[in-house]
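Read through the structure below, which is laid out as structure tokens, and then see the notes.
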Amino acid sequence: MSSKNSKKKHFFLFYRIPKGNPAGNPAESMLYYISSRRKHMQGKVEALRCKIMAEIKNGTLPVNAKIPSRNQLVRKYGFSRSTVDRTISMLTAEGRLGGKRGSGTFVMPPSDSGIRKLFISGYDEHNIGYCMKERFFRTAECPVPMESIYEEDIPLHFSELTAPGSAVIWYCPSMYSLHGMRVLEQAGIPQLLINRNYLNYDSISTDQTATMHDALTWLLIEGGRDLAMISYQPTPDRPYLYDRTIAFFECAAQLGGRFGTNAIHCREFLDPAREIAETGRILFAGSINARAIAVLHFDLALPLVTCGLTYGKMPGRDYLLMCFDYVPSLLNYPGVCLVRQQLDFMSHEAVRWLAERRRNNTEPFREQIKGELIIHPR
């Protein structure tokens with residue numbers, strides 16, 4: 002190779018390295034470039050895989066149907082030939098597609114539609130596997146192998162989770178996991194959400210409206226119709242507060258609750274000590290003199306009661322408090338109503354869901370369970 006041609010080749014090689022890479026020498030730059038290209042390619046393969054699986058699931062590509070040729074897929078979806086080849090190879094390895102020599106590639110029937118492995122997405126900083134197994138299978142043996150995965154690690158395990166025979170239980174998933182749920186849905190993987198009820202997914206959750214109705218009925222009877230409320234603002238990090246807040250105002254209106262000026266304190270509480278002190282001053286030392294206080298998040302209940310004590314206000318004597326959560330440190334306070342969500346019963350229902358899905362029962366599974374009211378006598 003001539004010196005002239007050699008220079009051209011090297012210019013072409015390094016010209017294509019992305020700008021702004023952190024590498025300090027040509028070898029490291031090339032590794033950075035290769036790594037970036039690989040991640041980009043994996044994203045395209047996953048995107049095309051989801052599109053093809055969606056067509057298989059909705060019947061556009063029924064079982065035993067011949068899929069379009071590679072070149073037709075390139076034109077249809079706008080992906081490169083290499084992306085199409087990788088995607089078809091992945092789906093073939095998963096058993097979703099199969100080739101007949103000289104006849105093309107076909108959609109394969111599921112070899113076994115039953116559940117063969119259960120994944121549980123949850124969180125426990127010490128021992129997630131033990132925690133999840135104890136929660137769901139304390140009184141019964143898990144009929145299939147089970148594996149626990151941290152929720153934030155779900156995208157790293159899509160190839161396992163979307164394999165035929167998989168099922169996933171999401172324990173209190175965040176809204177940020179909706180993309181992962183859609184990927185699993187397109188792959189036809191059974192999913193169950195515990196204590197969340199996003200979209201049309203199978204779920205077992207607290208009946209927010211019925212529970213709130215019972216809790217507010219107690220609060221209004223014991224404390225009077227003038228209500229005060231304190232809560233975090235609903236955010237994707239606290240998705241349950243969307244339904245909980247709506248249920249609170251709906252039930253308060255139905256039961257004849259009233260709100261005076263400065264009676265509603267729905268804040269971010271970025272500076273909890275300062276903001277709870279401000280809220281306490283308004284509720285306990287201002288003109289409101291609240292008698293019936295609803296707290297919609299457990300983090301705020303004890304600090305608010307403690308703040309009230311600094312003004313000489315005692316629950317049960319000076320006001321009634323309903324906390325739509327379970328706070329053990331408030332159990333011995335009179336005039337306090339706590340709501341305990343029935344997580345044990347939800348776990349039993351999750352075992353029933355698994356049995357239904359193993360019998361190939363595909364009926365929607367959406368259970369709502371009333372929370373338990375715990376009231377210390379005055």
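Residue numbers (my numbering): 2 to 379. For each residue, glycine too, the CB sits at the ideal point set by N, CA and C.
### Endpoints, the beta strand (DSSP E) within which Ile231 is located
227–233
### Sheet register partners of Asp203 (DSSP bridge)
Leu193
### Query
Ser122 bridges to which residues according to DSSP?
Ile150, Trp171
### Task
Measure the Cβ-Cβ separation of Gly261 and Ile231 and say whether it is below 8 angstroms.
no
### Task
Starting from the C-beta of Asp113, find all residues in its chain whose C-beta is less than 8 angstroms away, skip the five residues before and the five after it, and write them out in chain order.
Low per-residue confidence applies at Asp113: pLDDT is 49, beneath 50, and the placement is therefore not dependable enough to give any value.
### Message
How far does the beta strand (DSSP E) with Glu364 in it extend, from its first residue to its last?
### Response
Element bounds for Glu364: n/a, residue is neither H nor E.
### Query
Under 8 angstroms, do Trp171 and Leu194 count as touching if we go by C-beta distance?
yes
### Query
Count the other CB atoms within 10 Å of the CB of Cys143; is the residue buried (16 or more) or exposed (fewer)?
exposed
### Message
Since Leu228 and Pro235 should fall inside the 8 angstroms C-beta cutoff, what is the C-beta to C-beta distance between them, to a whole number of angstroms?
### Response
Not confirmed; about 19 angstroms, so no contact.
### Message
Just to confirm the assignment, what range does the beta strand (DSSP E) spanning Asn263 have?
### Response
259–268
### Message
Less than 7 angstroms between C-beta atoms, sequence neighbours within five positions excluded: which residues of the same chain meet that for Arg360?
### Response
none
### Message
Going by beta-carbon coordinates alone, are Arg367 and Leu321 separated by less than 8 angstroms?
### Response
no
### Query
Between the region 67–75 and the region 103–110, do three or more beta carbon pairs fall short of 8 angstroms?
yes
### Message
On the criterion of 16 or more Cβ atoms from any shown chain inside 10 Å, does Ile53 qualify as buried, or is it exposed?
### Response
buried
### Message
Suppose only complete runs of 3+ residues qualify. What are the beta strand (DSSP E) ranges in the region 253–331, listed by chain order?
### Response
259–268, 293–296, 321–324
### Query
What separation, rounded to the nearest whole angstrom, lies between the Cα atoms of Ser160 and Trp354?
24 angstroms
### Task
Compare the C-alpha of Met182 against each of His349, Val352, Lys45, Cys51 and name the closest.
Cys51
### Query
Secondary structure at Cys51, three-state DSSP: helix, strand or coil?
helix
#### Entry: Range covered by the alpha helix (DSSP H) that runs through Gly181
179–187
#### Entry: Residue range of the unbroken alpha helix (DSSP H) whose run includes Val352
344–359
### Task
Identify, in the order they occur along the chain, each residue of the same chain with its Cβ nearer than 6 angstroms to the Cβ of Gln342, setting aside the five sequence neighbours on each side.
Thr207, Gly372
### Query
Going by beta carbon distance, what residues of the same chain come within less than 7 angstroms of His214, once the five residues before and after it are set aside?
Cys252
### Query
Are the CB atoms of Ile265 and Leu301 nearer to each other than 8 angstroms?
no
### Query
Which one of Pro365, Ala351, Lys58 has the shortest CA to CA distance from Arg196?
It is worth fixing the name first, because residue 196 is Asn in this sequence and not Arg. Nearest C-alpha to Asn196: Ala351.
### Task
With DSSP as the reference, label Arg82 as helix, strand or coil.
helix
### Message
If you reduce the DSSP assignment to three classes, tell me which class Gly99 lands in.
### Response
strand
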